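Okay, so the sequence shown: first residue is -4 according to the numbering used here, each after it adds one. Don't be surprised by glycine CBs; every beta carbon is placed ideally from N, CA and C. Owing to the predicted nature of the structure, the values given are computational and were not obtained by experimental measurement. Report on the following structure.
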Amino acid sequence: MGIKSLAGQLDRHHLTEGYPALEEHALQELIHDLERFLEPQQIIVDYDQRIAFSYDATGERYVPDLVVFAKTDNDVEQVMRACDKHHIYVIPRGSSSNLSGGTTPILGGVVLTLTAQRDILEIDTVSREVRMKPGVVNWDLQQVLKPLGFFYPPDPASHKIATLGGNVAENSGGPHCVKYGVTTNHVVQLQVVLADGTKLWTPTARDYRTDLDFTGILVGSEGTMAIFTEIVAAIWPQPETIKTMLGVFSSVEQALDTVSALIAQQIVPATLELLDKKSLQLVESFVHAGYPVEAGAVLLIEVDGPSNDVLEKVASIQEIVQQQGATDFRIATTDLEADALWRGRRSHYGAAARLAPHLWIQDVTVPRPLLAAMMQDVLEIGHRYGFDIFCSAHAGDGNLHPIITYNPANPEELQRLKETDRAILQACVARGGAITGEHGVGIDKLENMDLMYGPKERQIMAQIKRAFDPKELLNPLKVVLAPKTVTGDRPELTEAIPRSSIWTPGSAEDLQDAIRTAIGKHFRVSIGGGFQRWPVVGGAPDTHIEMTALNQLVDFDRDNLTLEVEAGFAAAKLLALLHQQGLDVPLLPYTGEDTVGGLIASNARNWRNSFLFGWRDVVLGVEWVDGRGDVLRFGRKTMKNVAGYDVTKLAIGSWGTLGAISKVILRLRPYPKHRLFGYVSHSDAQTLLKMSLDLSGHYNRPEGMVLTHWRDEDPCLWLSHQDSGFHATESLVESLCKKLGVHVTWVDEELWKQWEQKRQELIHWALNHGIYGEGGLKVSRLESLVQGLEGNHDVLSWIVYPGSGAFEIYGKSSFRSDVLGLQRVVGSGRYWEKPVEAAWQAIRKRLEQVFDPYEVFSKIHE
């Protein structure tokens, strides 16, 4: 039928001209195939009806050749098989509220609509998970969870119409992400249909994952690599108390100075939103939220948690806001008042839509301390190009939304808009930012990805798509364009080093040289810090590249709560340095010789936060040297970043199979003065497991919980809390202990660390004299696991992590690998790993070819 675009939009012809239009006979053959298994009302052929599926919230329009409504998983599988057979593009679509052109069918093809799939299939409050179809609306999910005492934190402005499938595809953010994280921090697992019609589940994203993070790379992939047919997401207990406040300021600068002052005092609210003067006037005239229209800016602040803790935070925030010169400070006293303030913030885009035929909204993210400077850049750029720009911001995470009104029917204005847009993105990158924090790339920022990533990184991203979608049928011309030419630095190879030697590079250049030497001499290398972790996967079989000489602190940004460090930096040393500064990374250990890079590459667990998904929740960026000897850099020191594929996720838990990590950017958090450590010992492990599961369902739960049963000792539940709400957590634990008839012993932090040392000793013993096993399963199934472990005479000691469902087993050499949820067994000359499905094995192989075409790195899955 040909590629049809509608008038009044940016010219994309230079992107589409190399792609042939869909031939009429191929379309008719496809329709004939689809009619065999779809009902007539599931297929839209009529042009006028297809126009409704030609655009998203950006307004750019490209009419699809066909629209199909998928009611079931089988529909999705069959449609993909048919389109694969006829080589026809498929664009998965939810409510299409996205602001990037991500669901716009720029090359025509089939728009596959998933909004009919709106079932919430299972809510597991013990495991704190919900399993649902992709068409479930974010708001509807919240209403279902609320009576159960839970909520789902990511809440984009379009939450009343946005689907969870779309949220996952875009890695959506929202106001509450400053405290709780974005969508990727809550997606546990995905059921997907690949481009050839294969349906399968991704391996879990939790901290017992043993393969590449397929879930992580798919979240935010904008429908270009797979179609989501089921989603398993983590849910949170509702906080006891929520308080909403409004700080009123005479200027934007004053408001943002207040944000910095709050962070400096280690106050991280649940939300921290900013509206400038123009936005206040615009919103107030639209929804009458009670905003002060004469103010220069406002901060909408929300804190949640235990009642006493919230009251203390509100008092501290009020004091800081007033010290910064606020002209007014309001605390919502009723739910109606709070709802009115939020209605105003969420109506910002809708209010702006009344001003002009069309809006262009940007989504740049910069390090928090640079937000004021970025806003000034935006206003100056607007003035230069003749646009009146107004802004809102998720000030707590540096995410700025400039809005430009324009007339799409005016070609000259369109050209100026395009130049303005590029200038804003250039200014963002110059300040170390990401060109999109939550909206995605789509077609909107497709041609601006070169501002943020070089040709090598963009080529890698394009190859990652092909690893999942070899024929490139899913949502074409989105996320990334492969560069026309890619050149790598190729220094001369050094003299060969004998295979028995150990390389200790002191810089990224040395590391490149070592890897290129290995390529030239055709032998493999194993990457490690002190190589403490490698025995867990059967040992490092090849020539060692030891990273301990890469041990510099590269960038410490206290105001931004980020740190960049070389991979060989000793993890325990880094933790000690951070604690001296009143800061923390909860996955760093107190003791041991592990390096930061080694812990990340092995996705090592830690007891101090049971409810994170592991290192993937704190690593913001990675630099590594791939199997060509090229330095690749992905991620930024920003709290949000959805510019391109989340390649950083692939490095975490990769065991050096894709490259050698040389630097990482970590997200920091405050380390509170008041901390809680204790343990509960009891003869019955099931009693302690029940206690841990009961605690997990409370908002005031201890952050860290570990259930251990050492040989010849009673089972013990270890508890730690290193966050706000100290007294509420202490009270909750003591109340539950009283109810169960057990006793909690609160201990000094130094004494509490002893169990961590015990764990290291057990791992060493098991690897050398017995068997070490690890795995995980849904938390609601831990009762059966513990029962089996307690009755297994080959199990000498074990650890269960009730927050995630992970477990570790230390057993006799006669131990059998038939324990429920077991993922890996090593020791006594044995190595066994539970294989993933064949489709994931094939994709992993293709990804390894992307990053390591010469097969220079050791492979643990061979």
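The beta strand (DSSP E) enclosing residue i, as first and last residue numbers
i                 : result
alanine 801       : 801 to 806
aspartate 550     : 548 to 552
histidine 353     : 353 to 356
glutamine 138     : Taken as a continuous stretch (DSSP letters only), glutamine 138 belongs to no beta strand (DSSP E), being part of the alpha helix (DSSP H) at 133 to 140.
phenylalanine 209 : Phenylalanine 209 -> not in any beta strand (DSSP E); alpha helix (DSSP H) instead, spanning 209 to 213.
valine 560        : 557 to 561
glutamate 769     : 766 to 771
Alpha carbon of residue i to alpha carbon of residue j, nearest angstrom
i                 : j                 : result
leucine 645       : isoleucine 212    : 7 Å
valine 173        : glycine 616       : 18 Å
isoleucine 515    : tyrosine 344      : First, the amino acid is wrong: residue 515 is glycine here, not isoleucine. The alpha-carbon atoms of glycine 515 and tyrosine 344 are separated by roughly 56 Å.
threonine 360     : asparagine 546    : 29 Å
alanine 491       : arginine 528      : For alanine 491, the pLDDT reaches just 49, beneath the cut-off of 50, and the residue's location in the model is therefore unreliable, although a value from the coordinates is still provided. Answer to the nearest angstrom: the Cα atoms are 27 Å apart.
valine 187        : lysine 194        : 6 Å
proline 465       : valine 532        : 31 Å
serine 605        : aspartate 202     : 9 Å
tyrosine 50       : histidine 389     : 26 Å
threonine 859     : proline 450       : Nothing about residue 859 can be reported from this structure: the residues present for the chain run from -4 to 857 only.
arginine 696      : phenylalanine 802 : 20 Å
phenylalanine 846 : proline 35        : 45 Å
methionine 75     : arginine 461      : 16 Å
alanine 65        : phenylalanine 721 : 49 Å
glycine 534       : glycine 592       : 17 Å
aspartate 334     : threonine 266     : 14 Å
asparagine 402    : tyrosine 380      : 14 Å
leucine 10        : threonine 322     : 51 Å
arginine 325      : tyrosine 805      : 56 Å
tyrosine 448      : asparagine 636    : 13 Å
Candidates the options, of which the one nearest residue i by Cα
i              : options                           : result
serine 387     : Ala250, Thr329 and His517         : Ala250
glutamate 561  : Ile595, Pro536, Val831 and His574 : Ile595
glutamine 276  : Ile262, Val293, Ala265 and Asp252 : Val293
glutamate 832  : Trp337, Lys840 and Asp114         : Lys840
leucine 446    : Leu33, Cys423, Leu468 and Gly320  : Cys423
glutamate 756  : Gly587, Val814 and Asp625         : Gly587
leucine 29     : Glu785, Ala77 and Leu582          : Ala77
threonine 67   : His27, Ala111, Pro59 and Lys854   : Ala111
glycine 768    : Ser808, Glu745, Gln752 and Gly736 : Ser808
aspartate 43   : Tyr57, Leu33 and Arg31            : Tyr57
leucine 777    : Leu817, Gly563 and His788         : Leu817
leucine 354    : Met444, Ala404, His283 and His20  : Ala404
isoleucine 296 : Ser311, Asn303 and Val288         : Ser311
N- and C-terminal bounds of the alpha helix (DSSP H) containing residue i
i                 : result
serine 597        : Here serine 597 belongs to no alpha helix (DSSP H), and DSSP marks it neither H nor E.
glutamine 184     : Looking at the DSSP string, glutamine 184 is not in any alpha helix (DSSP H); the run it does join, the beta strand (DSSP E), is 182 to 188.
threonine 643     : 643 to 646
arginine 338      : 330 to 341
phenylalanine 846 : 833 to 846
Where residue i falls: helix, strand or coil (DSSP)
i              : result
valine 282     : helix
leucine 488    : Because leucine 488 carries a pLDDT of 48, less than 50, the predicted location of this residue cannot be relied on, and the following value inherits that uncertainty. Three-state result, leucine 488: coil.
threonine 108  : strand
isoleucine 86  : strand
isoleucine 419 : helix
histidine 396  : strand
serine 719     : coil
methionine 220 : coil
glycine -3     : Below a pLDDT of 50, predicted positions are generally treated as unreliable, and glycine -3, at 46, falls in that range; no measurement from the model is reported.
valine 163     : helix
alanine 2      : Per-residue confidence for alanine 2 stands at a pLDDT of 48, beneath the threshold of 50, marking its modelled position as unreliable; the derived number appears in the next sentence. Residue state, collapsed to three classes: coil.
tyrosine 796   : strand
proline 170    : coil
tyrosine 666   : coil
alanine 544    : coil
tyrosine 147   : coil
arginine 819   : strand
proline 232    : strand
Integer Cβ distance of residue i from residue j, believed to fall under 8 Å
i              : j              : result
alanine 347    : isoleucine 398 : 5 Å
leucine 441    : leucine 472    : 7 Å
isoleucine 660 : threonine 512  : Incorrect: roughly 28 Å between the Cβ atoms, too far for contact.
glycine 291    : lysine 272     : 5 Å
valine 163     : isoleucine 226 : 6 Å
Closer than 7 Å: residue i CB and nearest the ligand MN heavy atom
i           : result
proline 848 : What this structure holds is no ligand at all, so the ligand MN is not there to describe.
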